[in-house]
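What follows is a short report on a single structure.
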Amino acid sequence: MAFPMNPDRQLRPLPRLIFASRWLQLPLYVGLILAQAVYVFQFWTELVHLIEAAFGNQAALELLVKSIGYKGDAVPGKLNETILMLVVLGLIDVVMISNLLIMVIVGGYETFVSRMGLDGHPDQPEWLSHVNASVLKVKLATAIIGISSIHLLKTFINADNYREQTLLWQTVIHVAF
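The numbering of the sequence shown is the numbering used here, which starts it at 1150 and goes up by one.
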């Protein structure tokens, strides 16, 4: 039977230290927020290059071709469907990784560090109302499978630029998830 905690009750030094150590995760979550800012910058850079390439900017097209891992000698003279598809899949990949970061940052902070006090807030994500370590694990696993699927699709569309061994290992790793 659990007894309600008296907020005025002082913890012994060791339990107090152990309980306070959860705040050591805060800089890690701040670091993930900064990493997400880098992903936002990456997304907008790729999107601007895509729009420029769609309007015929050859330099932007060359940057896009390089960013998708195309290893051929000749860069196409204009944006084609394959390059467009690979760039859009890259943008989707960035969004999915960003979603994964949000789940880890918000869910991890709420679960392991401190309550955020979002009950009743109009912007509270639905999944946060029932988040715990096991729910977070399932959501993370699902997000990782989605990211892996997008990455594998990009690889298969651009298969001519990959060795067979790379294709095989990416497939094996995806199946393992």
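Here a beta-carbon is modelled for each residue, glycine too, at the ideal position from N, C-alpha and C. Note that the structure is a prediction, hence the values are computed from the model and not measured.
If you draw a straight line from the C-alpha of Val1324 to the C-alpha of Lys1303, how long is it?
In a straight line, the C-alpha of Val1324 is about 16 Å away from that of Lys1303.
Between the Cα of Glu1211 and the Cα atoms of Phe1190, Leu1233, Trp1193, which residue gives the shortest distance?
Shortest Cα-Cα distance from Glu1211 to any of Phe1190, Leu1233, Trp1193 involves Leu1233.
According to DSSP, is Pro1225 helix, strand or coil?
If DSSP states are grouped into helix, strand and coil, Pro1225 belongs with coil.
Determine contact between the region 1172-1191 and the region 1246-1256, defined as no fewer than three beta-carbon pairs at a distance below 8 Å.
The region 1172-1191 is in contact with the region 1246-1256.
Where does Leu1267 sit, in a helix, a strand or coil, going by DSSP?
DSSP places Leu1267 in the coil class of the three-state scheme, outside both helix and strand.
Under the three-state reduction of DSSP, which class applies to Gly1295: helix, strand or coil?
Gly1295: helix per DSSP, three-state reduction.
Using CA atoms only, rank isn't needed, just tell me which of Gln1273, Leu1213, Gln1207, Ser1297 is closest to Leu1196.
Selected option, being the one with the closest Cα: Leu1213.
Same chain, Cβ closer than 6 Å to Met1245, neighbours up to 5 away in sequence not counted:
Exclusion of the five residues before and after Met1245 leaves Gly1295, Ile1296 as the residues of its chain whose Cβ lies within less than 6 Å of its Cβ.
Assign Phe1326 to one of three DSSP states: helix, strand, or coil.
Note: Phe1326 maps to coil in three-state DSSP.
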